[in-house]
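Residue numbers (my numbering): 558 to 1087.
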């Protein structure tokens, strides 16, 4: 009994330190649960607690023993903590908290006692919202998939439906498949529901895998049917069919239909393959195996002594892993609050004074709305529309961050532009060669967009203390390395865009952008101090 109390005290103290270390990330995570895309996460703590309670007999039947194996999981968690903290990425911190928690449980309880609750513990990541850039990419692709399938269904219903991007033209009206109709709000809850149903399903692994994997096409298909039904009812109900009570109610109907389909799929899968014998059918699904009596008395005696501290009393040796775990947590907590890995680095010159005259180009300065600035969290920016002769103008935009922190980092145009109604037709990394240079190039993203029949082409990249990055992963890794080696996480987003003229090709628009970049980059580098 004394040992159990000591285990509870030590584990409680360790979990408290872990919560203090990840406090900011956990508070932000719970705040994200208010988003309609992730409000299902708020239910998961209750589900996990119920599953642990259901397995309580198998859990308490095994003795608690300290384990060295948990320190490896904990070391991975603390390493991910520093990666997420310095890179400014919340999802990495969520993952770090998961590994740290698993490591603490494993260290204090041992694998034998932890094993009965492995499944509910493995469900903890279902509470983690995705990174914003990944969430937006997934939403965008689901929008396109749902709208394309919805158009096919509308055409089967006899409506002359056409699609451009995520906009469905019905002739008498247009339906825009926005983020709320992407199907993301069905994908995650249905996937989690599929995993839970599979855990209670008897049968081989392939049947359970089929049940879980079927949730993705099921969610996309039912969401497309919902979009098609909205288009059909729009003729009689008007705009009310696509908003308000009907929109929310149809979502619940679709989810309940999906639940019925999954239950039917479980029934069909249960009928496939050889049936279990009557004797085996009564075996409890989660019944713990027989407990060997010698596991309480002779398990430690039978193991050879491998520890270097042979003369230390056995009771003290058992608590060394727990003491190391607490020491690692305390050291990380002190370093996290005591060391500053970021110092603000201002641009060499204020971007607000960026010149409007660049060679043959004359510019007109633009300004962002106050709400947009609050959302972007920029330190300084410049937005200028440059023109030269009768050519289509070039939109030049630079957003500078003196330091990047969690939730206050560079926003990719791939995240913002679709929200403004642009449809991304193509995006990918390229090597940009400027005219008049030999053998010199730099990496950038090339993006082609369409909006209401207009086509635009643009380049964008991230300048992180002189290091060029072209995607969010490179941005996070560069921030981590710069914070660790230079104590700075400053960076800038550089974006140039131009519309493709009626008689122009994309290649001609590309050449116009590279000619402009040859003029603007030397000036920009001087402003950024590169």
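Using N, Cα and C, we set each Cβ at its ideal position, and we do this for glycine too.
Values in this document were obtained by computation on a predicted structure and should not be read as measured data.
Check your understanding: Going by alpha carbons, who is nearest to residue 695 out of 971, 1080, 636?
Key -> Taking each of 971, 1080, 636 in turn and checking the Cα distance to residue 695, the smallest one comes out for 971.
**Study point:** alpha helix (DSSP H) runs contained entirely in the segment 931–986, provided each spans 4 or more residues
**Key:** Segments of the alpha helix (DSSP H) lying fully in the segment 931–986: 970–973.
Review point. Quick one: what's got a C-beta closer than 6 angstroms to residue 627's C-beta in the same chain, skipping five residues either side?
Key: The beta carbon of residue 627 sits closer than 6 angstroms to the beta carbons of 660, 663, 664 from its chain, once the five residues preceding and following it are set aside; these are given in chain order.
Review point. Pairing CB atoms from the segment 879–890 with CB atoms from the segment 1018–1033, are three or more of them under 8 angstroms?
Key: In short, these stretches do not touch, since the Cβ pair count stays below three.
Check your understanding: Looking at the unbroken beta strand (DSSP E) that takes in residue 1003, where does it start and where does it end?
Key -> 999–1008
Review point. Measuring CA to CA, which of 765, 751, 786 is closest to residue 773?
Key: 751
Exercise for review: Following the continuous alpha helix (DSSP H) through residue 1027, name the residue where it begins and the one where it ends.
Suggested key: Unbroken run through residue 1027: none, as it is neither H nor E.
Check your understanding: From residue 743 to residue 1004, what does the alpha carbon distance come to, in whole angstroms?
Key -> 29 angstroms
Check your understanding: Between which two residues does the beta strand (DSSP E) carrying residue 1055 extend?
Key -> 1048–1056
**Study point:** alpha helix (DSSP H) runs contained entirely in the segment 602–667, provided each spans 4 or more residues
**Key:** Here the runs fully enclosed are 613–618, 626–644, 647–666.
Exercise for review: Identify whether residue 585 lies in helix, strand or coil by the three-state DSSP scheme.
Suggested key: helix
**Study point:** Alpha-carbon spacing of residue 1053 relative to residue 926, whole angstroms
**Key:** 19 angstroms
Point to revise | Contacting residues, own chain, Cβ-Cβ under 6 angstroms from residue 535 (five flanking each side not counted) | key: A question about residue 535 goes unanswered here, because the residues of the chain that appear run from 558 up to 1087.
Review point. What whole-angstrom Cβ distance do residue 1006 and residue 1075 have, given they're in contact under 8 angstroms?
Key: Not really, about 23 angstroms apart at Cβ, beyond 8 angstroms.
Check your understanding: Do the segment 677–689 and the segment 585–594 touch if we need at least three Cβ pairs shorter than 8 angstroms?
Key -> They touch, by the three-pair rule.
Point to revise | Nearest residue (CA-CA) to residue 615, options 605, 593, 669 | key: 669
Practice item. Return the Cβ separation of residue 645 and residue 962 in integer angstroms, given the expectation that the two are a contact with Cβ distance under 8 angstroms. Key: 5 angstroms
**Study point:** Buried/exposed call for residue 823, threshold 16 Cβ in 10 Å
**Key:** buried
Check your understanding: Where does the unbroken beta strand (DSSP E) through residue 922 begin, and where does it stop?
Key -> 918–922
Point to revise | Residues that residue 988 bridges to, as DSSP identifies them | key: 1000
Exercise for review: Just the C-alpha distance for residue 636 and residue 678, rounded to the nearest angstrom, thanks.
Suggested key: 20 angstroms
Exercise for review: Figure out for me which residue from 648, 979, 785 has the closest Cα to the Cα of residue 708.
Suggested key: 785
Review point. To which residues of the same chain is residue 1084 closer than 7 angstroms at the C-beta, ignoring the five residues directly before and after it?
Key: 904, 905, 906, 908, 911
Exercise for review: Throw me the rounded Cβ distance for the residue 782 and residue 699 pair, which I believe falls under 8 angstroms.
Suggested key: Actually they do not touch by this definition, with Cβ atoms about 14 angstroms apart.
Exercise for review: Closer than 7 angstroms by C-beta to residue 765: which residues in its own chain qualify, once you throw out the five before and the five after it? Chain order, please.
Suggested key: 755, 758
Check your understanding: Would you call residue 566 buried or exposed, if buried means 16 or more other Cβ atoms sit within 10 Å of its Cβ?
Key -> exposed
Practice item. Please check the pair residue 582 and residue 654, which I expect to be a contact at CB under 8 angstroms, by giving their CB distance rounded to whole angstroms. Key: Between the beta-carbon of residue 582 and that of residue 654 there is about 7 angstroms, and that keeps the pair under the 8 angstroms contact cut.
Check your understanding: Among 918, 815, 984, 993, which one has its Cα closest to the Cα of residue 1091?
Key -> The structure shown has nothing for residue 1091, since the chain only spans 558 to 1087.
Review point. Looking only at DSSP bridge pairs, what is residue 914 linked to?
Key: 919
Review point. Around the Cβ of residue 982, are there at least 16 other Cβ atoms within 10 angstroms (buried) or fewer (exposed)?
Key: exposed
Check your understanding: Exposed or buried, which one is residue 931 when buried takes at least 16 other CB atoms within 10 Å?
Key -> exposed
Check your understanding: To which residues does DSSP link residue 1013 through a beta bridge?
Key -> 1006, 1056
Check your understanding: Looking at residue 789 and residue 898, is the spacing between their C-beta atoms short of 8 angstroms?
Key -> no
Point to revise | Cβ neighbours of residue 999 in the same chain (closer than 8 angstroms, five flanking residues each side left out) | key: 988, 989, 1018, 1025
Review point. Roughly how many whole angstroms lie between the Cα atoms of residue 572 and residue 594?
Key: 29 angstroms
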